[in-house]
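The sequence shown lines up with residues 7 to 570 when you count with our numbering. Here a beta-carbon is modelled for each residue, glycine too, at the ideal position from N, C-alpha and C.
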Amino acid sequence: MTHRYRVLIAVITASFLVVTALAQTSFQQPKHEVRAVWLTTLNGLDWPRAKATGSEGIERQKRELTAILNQLQKANVNTVLIQTRVRASVIYPSDIEPWDACLTGTYNRHPGYDPLQFAIDECHKRGMELHAWVVSIPTGKWTSSESKRIRARYPHLVKKVGELSYLNPEVDATGDYIADICEEIVSRYDVDGIHLDYIRYPDGWNITVSRDSGRRYITNIVRKVSRRVKSRKPWVKMSCSPVGKYRDLSRYSSKGWNAYSKVCQPAQEWLRDGLMDQLYPMMYFRGDNYYPFLADWQEHSYGRTIVSGLGIWYLDRREGNWPLVDITRELNVSRQLGIGHCYFRSRFLTDNTKGLYDYVTDYLDTHPAAIPPATWLNANKPSVPQGLSISRNGNDVTLHWNEARANNDSPTIIYNVYGCNDETVDINDVRNLIVPRFQGTSITLSGASRLNYAVTAVDRYGNESQPARTQEWRQDTYTTNGVEGLLPNDGHLLTLPEKARQADITHLLVENQQGQSLYILPYSRYLSTIDISRLPNGMYVLRSINTKNKKHPTHRLGTFKKKL
């Protein structure tokens, strides 16, 4: 039984009715929101499975990644954090550290291509940001090749904790070493962010200095990295993934495990002081261990971006067997607080664990979202694209425009493309965003059915220009994929299509354009119209429900536009 079917049956059984006002507020998808995944390369956990030991292996490895990115694009993920530094080893040709074995199966073996450059290009083609995920302090098992190599070169930097090895945060050169790696990445690659993971004292480390001193040591590393990155490319976002509970709250204890006191990770101060642009706290908890601490992060965001890191691997029956509702509830509360979401790990999303992928694509993120602009770095908007023109060939629409100009140090301009059937394209309505972060000045939209379009310019800080709009408004019949016409209505009663009266239907479902269920009503074959008078003006989808058909419980009957 699919997740969608389970939701529909639960809704019907409970005689669920979502009032229109609630559907337009709580369930409204925001235009700006970070929707991210951690894509783990350690041991090929998320990618790669194939080993690049020859031309065939390289192509298989590339196909694996593009397949993952295609799935993420369909789920409207807009940020990919790809593990770039693994354990004192990397996935790009570095002058500082060797190749990680995940690519070829052999430590320090060249895979025959540049995986990081390939990943950047493929993400940008799909309108996604790519952030280089740098595992900062860990250097692998004490007996590993990675640990032995770095200890041979920099014996004063590495310390043993149990069976593992770590860079010593109390040695000043540690910050320089990590900053060297991050600067190398930023100077060579068009990454959108540097994401520091495990930028804290390691588990099991006997911290002999005061906690204030420990926080200063970690902060000094962050400051060195941030300054080095920003001096190269000020638009590259700095972020990290702190421990999920920042510190004890007045009514809720962190139970001895928090970022500030336990591992000397004052991440909220890094936001305040401009060392970080985003935080991805690892919120791998439920209930009172999640919601109060999530609100605390948002209350101390200092106008920067907070993205909740969700432990979706707990959905797996072998890991924790959480019910899906634990994650979906956290996703919706995060959105209500203005917080983005990031999945750990990518594979548990793309494998549709417990129906999570279905939920995300069918309900939560049915429309693209733009990246929140980093106005604290630079707030100057680009110029408006000039010369926007439109040509139509059947159901294909081609838009052309002239290259816009940045009004800051942004080196490149990308574009958002919008479309709708209204006289004026509202770029603040997320339902109208068709193609985000497009590279180029000409685009062909196949099977296009919208009458009017708009294009805006976006710089590397995320600042968006005013729109250039087409003006071809006319009262044509709306089509869906060039096939299905609008269902007729007078603003009060909707006439049901003939195919509804011929189908085996038990209920009818009305959805908004974001895929959210507005109301369900029982169906009778004698029914020819339904009352839509309580709906506000807008576009809607009518679906049929057959509770006896578990394989195909719902079908689209058509689209209708209510306008009084």
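TODO: Note down, one range per segment and in chain order, each alpha helix (DSSP H) of at least 4 residues found wholly within the segment 414–457.
DONE: Counting only runs of 4 or more residues that sit fully inside the segment 414–457, no alpha helix (DSSP H) segment turns up.
Task: Member of Ile333, Val141, Asn427 whose CA lies at the smallest distance from the CA of Arg91 - done: For the residues Ile333, Val141, Asn427, the minimum Cα distance to Arg91 belongs to Val141.
- [ ] Quick one: residues in its chain with C-beta nearer than 8 Å to the C-beta of Gly262, no 5 flanking neighbours on either side, listed in chain order?
- [x] Excluding sequence positions up to five before and after Gly262, its CB lies within less than 8 Å of the CB of Lys268, all in the same chain and listed in chain order.
TODO: Would you kindly check if the distance between the Cβ of Met244 and the Cβ of Asp283 is under 8 Å?
DONE: A contact, by the Cβ cut-off of 8 Å.
Open item on the list: Are the CB atoms of Ile205 and Ile227 within a distance shorter than 8 Å?
Closed with: A contact, by the Cβ cut-off of 8 Å.
Open item on the list: Can you look up Glu517 in the DSSP assignment and give me helix, strand or coil?
Closed with: Of the three classes helix, strand and coil, the one that applies to Glu517 here is strand, per DSSP.
Open item on the list: Whole angstroms are fine: how far does the CA of Thr225 sit from the CA of Leu300?
Closed with: Straight-line Cα distance between these residues: approximately 22 Å.
- [ ] Identify whether Met135 lies in helix, strand or coil by the three-state DSSP scheme.
- [x] Here residue 135 is Glu; the residue named in the question, Met, does not match the sequence. Glu135: strand per DSSP, three-state reduction.
Task: Beta-bridge pairing of Ala474 - partner residues as DSSP gives them - done: Secondary-structure assignment with DSSP links Ala474 through a beta bridge to Val461.
TODO: Look at the Cβ atom of Asp332, then the Cβ atom of Phe354, and state whether they are nearer than 8 Å.
DONE: The beta carbons of Asp332 and Phe354 sit no closer together than 8 Å.
Task: Sub-8 Å separation of Val423 and Ile396 beta-carbons - done: Cβ distance not < 8 Å, so Val423 and Ile396 don't count as in contact.
Task: Nearest to Tyr286 (by Cα), restricted to the options Ile312, Trp44, Arg341, Leu75 - done: That would be Ile312, whose Cα lies nearest to the Cα of Tyr286.
TODO: Could you check which residue in Ser530, Asn384, Gly250, Tyr525 has the C-alpha nearest to that of His539?
DONE: It is Ser, not His, that sits at residue 539 in the sequence shown. Checking every option, the nearest Cα to that of Ser539 belongs to Tyr525.
- [ ] Output the distance between the C-alpha atoms of Gly315 and Ala385, rounded to the nearest integer angstrom.
- [x] Taking the straight line from one Cα to the other gives about 27 Å.
- [ ] Please state if the CB of His130 and the CB of Asn197 are separated by a distance shorter than 8 Å.
- [x] Per the sequence presented here, residue 197 reads as Val, with Asn not at that position. Contact flag unset, no.
TODO: Go through the segment 229–289 residue by residue and report every complete run of the beta strand (DSSP E) that reaches 3 residues or more, in order.
DONE: Fully enclosed beta strand (DSSP E) runs of 3 or longer: 243–246.
Open item on the list: Using a Cβ-Cβ cutoff of less than 7 Å, which residues in the same chain neighbour Gln30 once the five nearest sequence positions on both sides are dropped?
Closed with: Confidence at Gln30 is low in this model, with a pLDDT of 32, below 50, so the placement of that residue is unreliable and no value is reported for it.
Task: Length-filtered (4 minimum) alpha helix (DSSP H) runs lying within the segment 145–179 - done: With a minimum length of 4 residues, the continuous alpha helix (DSSP H) runs that stay inside the segment 145–179 are 151–159.
Open item on the list: Can you find the residues in the same chain that come closer than 7 Å, C-beta to C-beta, to Ala125, ignoring five residues on each side of it along the sequence?
Closed with: Contacts found: Leu71, Ile88, Leu136.
TODO: Tell whether a beta-carbon distance below 8 Å holds between Ile419 and Arg443.
DONE: No Cβ-Cβ contact shorter than 8 Å links Ile419 with Arg443.
- [ ] Enumerate in chain order the residues of its own chain whose CB-to-CB distance from Tyr297 is below 7 Å, with the five nearest sequence positions on each side excluded.
- [x] Counting only Cβ-Cβ distances below 7 Å, and skipping sequence neighbours, we find Val339.
TODO: Provide the residue(s) that pair with Ala42 in DSSP beta bridges, ordered along the chain.
DONE: In DSSP, Ala42 forms a bridge with Thr85, Cys348.
Open item on the list: Please identify the residue among Asp465, Leu541, Leu563 whose C-alpha is closest to the C-alpha of Ile511.
Closed with: The closest CA to that of Ile511, considering only Asp465, Leu541, Leu563, is found on Leu563.
Task: Backbone CA spacing between Ser32 and Gln342 [nearest angstrom] - done: Any reading at Ser32 must be qualified, since the residue scores a pLDDT of 35, below 50, and its modelled position is unreliable; the value itself is stated next. Those two C-alpha atoms are separated by around 7 Å.
Open item on the list: Considering Cα atoms alone, identify which of Thr565, Gly446, Arg335 is closest to Glu409.
Closed with: When each option's Cα is compared against that of Glu409, the closest is Gly446.
Open item on the list: Using C-beta distances below 7 Å, list every residue in its chain close to Ser550, excluding the 5 sequence neighbours before and after it, in chain order.
Closed with: Contacts found: Ala506, Ala509, Ile511, Leu514, Thr560, His561, Leu563.
- [ ] Could you check the C-alpha separation between Leu493 and Ser416 for me, to the nearest Å?
- [x] Cα to Cα, the separation comes out at about 47 Å.
Task: Residue burial classification, Thr110 (beta-carbon count within 10 angstroms, cutoff 16) - done: With at least 16 other beta carbons inside 10 angstroms of its own, Thr110 counts as buried.
- [ ] Assign Ala94 to buried or exposed, taking buried as 16 or more other Cβ atoms, counted over all protein chains shown, within 10 Å of its Cβ.
- [x] Ala94 should be labelled buried.
Task: Meets three-Cβ-pair contact criterion under 8 Å: the segment 140–158 and the segment 167–181 - done: Segments in contact, yes.
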